[in-house]
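End of the sequence shown = 469 in our numbering, gap-free, step of one. Cβ coordinates follow ideal geometry from the N, Cα and C atoms, glycine included.
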Amino acid sequence: MRIDQLREYGRKRLKGVSLSAALDSDLLLGLASGFHREYLLTHPEHCIASEQRELFFHFLTRRCAGEPLAYIRREQEFFGRPFFVSPSVLVPRPETELLVELVLKEAKQRSFPPRILDGGTGSGCIAVSLAQEIECELVVAVEKFEDALAIASLNARRLSPNRNISFIQGNWLDAFGEESFDIIVSNPPYVSRSEDFGREILAEPHHALFASGEGLSDIQVLISSTYKRLANGGVFFCEMGCGQREAIEAELCQSSFCQWYFHQDLSNRDRVFQAVRGN
């Protein structure tokens, strides 16, 4: 079959499955054939070998079953870098780039390289991005699950080989004694199981997505534990779900943090809160 025929076939199969059916089809055809998308667009008459065609059909079947495109491709771009991903880790999302941007802004305002802790690092996309973008005294990435930690470490070796990132297996901040950090950042599970979500979400690791207590249980743990791990003047940045602001603000009011702020994403929804420890 010709490239243009396969592209159209893929688009039709993915219609109703993906909001970007044409793009998904092209990316999967490129993965199966080894051709860049530019080649697929400019050589519609080229015939694809049967082995590559069957592999393309296999990828389409997986995508139609609800498997995220990133898992099929084993890659997801985040902050301009291609991160390796698998079903062991959450797929990095564009919304989380706001979290990185806010940490970078805070770090650049300091007169010294900060000590940064990434709690629940998953694929390592936050820790690696921060280590690459700014000069840090130390970046520590903590992850409870061994298979996810292995992927984060792999991404650091691939994308940030000359930066010092320490990976530690542990549950949130339990792995630390008296060590303190200037910035603590986390994208914890914050989705409530009562929310509506599609098959694609269910393909991702549930422990990285869902939290009890209307999605707030892990955020509550972090609010109560991060303060004592922050140096004086330190800041905690945490991703959150829309509709959680009131409950989070109530938790912060009961905490020792002196100030806090909420930041909105491009859809003008509360996405990140920032809590400051006083000097």
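Validate contact between the region 312–328 and the region 240–258 using beta carbons, cut 8 Å, 3 pairs: no
Look at the alpha carbon of Ser-445 and the alpha carbon of Val-290, and state the distance between them as a whole number of angstroms. 24 Å
Between Gln-410 and Glu-439, how many whole angstroms is the CB-CB distance? I'm expecting something under 8 Å. Contact flag wrong, Cβ pair sits at about 12 Å.
Give me, in chain order, the residues of the same chain whose beta-carbon lies closer than 6 Å to that of Asp-372; leave out the 5 immediate sequence neighbours on both sides. Pro-304, Arg-305, Ala-421, Gly-424
Is it true that the CB of Pro-378 sits closer than 9 Å to the CB of Leu-412? yes
Closer than 8 Å by C-beta to Phe-273: which residues in its own chain qualify, once you throw out the five before and the five after it? Chain order, please. Glu-265, Gln-266, Glu-267, Pro-282, Ser-313, Gly-314, Cys-315, Val-318, Asn-345, Leu-349
For Val-411, the three-state DSSP class (helix, strand or coil): helix
Here's a check: name, in chain order, each residue in its chain whose Cβ is nearer than 8 Å to the Cβ of Leu-320, leaving out the five neighbours to either side. Val-290, Val-293, Leu-294, Ala-297, Ile-306, Asp-308, Cys-326, Val-329, Val-375
Helix or strand or just coil, what does DSSP make of Ala-239? coil
Tell me the rounded alpha-carbon separation between Leu-245 and Val-332. 37 Å
As assigned by DSSP and simplified to three states, the class of Val-318: helix
Per DSSP, Ser-208 is paired with what? Lys-205
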